[in-house]
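The next block holds one structure in the form of structure tokens; read it before the comments.
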Amino acid sequence: MSGTRLAATALRADAFRDALARYPAGVVVVTTSCQGRRAAVIIASFTSASLDPPLISYCLKKDSSSGSALIESEWFAVNFLSDSQSDVAAGCSRSDVDRFSVAGVWSTGSHGLPFLEGATVHLMCRRERVIEVGDHFLIVGAVADVRVTENRNPLLCCRRSYAGVEKTMSRNQRTI
Ligand SMILES: Cc1cc2nc3c(=O)[nH]c(=O)nc-3n(C[C@H](O)[C@H](O)[C@H](O)COP(=O)(O)O)c2cc1C
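Convert by adding 1 to the 1-based position in the sequence shown; the result is the number in the working numbering.
Okay, structure coming up:
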């Protein structure tokens, strides 16, 4: 077998991070508004958790500066980035700026939630559970509302780069 094999007991943090960075994922920006304070954080650990009831989840670093807003707020929004929004991913990864000013067009929805215009999907979620998982919180949200924008392709990340998908993914081309 070629490649680097690591003994589980000797797993190094950088090797673990490097391995995980090779897993392709969609990119979302999770937003909230807590006592008039808006927060936005770029997340690749988003996943669907349950269809009935409709639940989603994501993992948030315990030391995230957006953590208190996202954990205290009853409501949050998940905006799936489109392939033309890598500037939003870059802007919302910065800590020295107002993330809502650097990139993207934002509107305000129910519960004061910031929604990113041009996202492929918006989910409006009520915080259902926060579970401690190592150095992250696993946040589970109950999806109360969904808005889909057709004819937009998703932004993906893999190996610390952003990419789109060449194939146009539409309902008509469903193959799985
Ligand atoms: C592509 C990408 C994916 C990320 N995914 C996550 C994630 O799933 N969970 C997380 O806690 N941080 C993730 N981050 C890091 C957060 O975006 C990071 O915490 C943020 O940029 C720093 O601001 P904060 O202090 O508000 O967390 C990701 C960053 C990038 C660029």
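Yeah, the Cβ is synthetic: ideal placement off N, Cα and C, and Gly gets one too.
Bear in mind that the values here come from a model prediction, so they are computed numbers and not experimental data.
CA nearest to the CA of residue i, picked from the options
| i | options | result |
| --- | --- | --- |
| T109 | C158, V89, G37 and I177 | G37 |
| D136 | D64, T33 and S51 | D64 |
| L117 | G105, L61 and S111 | G105 |
| Y163 | V29, A14 and E129 | V29 |
| D88 | S66, S102 and A11 | S102 |
| L124 | T33, S96, I177 and G68 | T33 |
| C158 | C93, A50, P25 and R95 | P25 |
| A45 | A90, W107, E129 and D97 | A90 |
| V134 | F17, G68 and L61 | L61 |
| E167 | R18, S85 and L12 | S85 |
| R160 | S111, G113, L21 and D53 | L21 |
Cβ-heavy atom distance, residue i to ligand 1, below 7 Å
| i | result |
| --- | --- |
| A143 | no |
| H123 | no |
| S34 | no |
| S83 | no |
| L139 | no |
| C159 | no |
| S58 | no |
| S87 | no |
Residue i - DSSP class collapsed to helix/strand/coil
| i | result |
| --- | --- |
| D97 | coil |
| A90 | helix |
| D19 | helix |
| G142 | strand |
| V28 | coil |
| A164 | strand |
| L82 | coil |
| L157 | strand |
| A41 | strand |
| I132 | strand |
| L56 | strand |
| V103 | helix |
| A11 | helix |
| A70 | helix |
| S46 | coil |
| Q34 | Reading off the sequence shown, one finds Ser at residue 34, where the question assumed Gln. Note: S34 maps to strand in three-state DSSP. |
| S111 | helix |
| K62 | strand |
Residues near residue i in its chain [Cβ-Cβ closer than 8 Å; skip 5 each side]
| i | result |
| --- | --- |
| T121 | F81, L82, S83, V149, T150, R153, N154 and P155 |
| T48 | I57, S58 and Y59 |
| C126 | I57, W76, F77, A78, V79, G142, A143, V144 and A145 |
Cβ-based neighbour list, residue i, same chain, cut-off 6 Å, excluding 5 preceding and 5 following
| i | result |
| --- | --- |
| C35 | A70, E73 and S74 |
| A41 | V30, T32, C93 and R100 |
| S67 | A40 and V42 |
7 Å Cβ shell around residue i - same chain, five flanking residues per side excluded
| i | result |
| --- | --- |
| V131 | I72, F138 and I140 |
| E129 | L56, V141, G142 and A143 |
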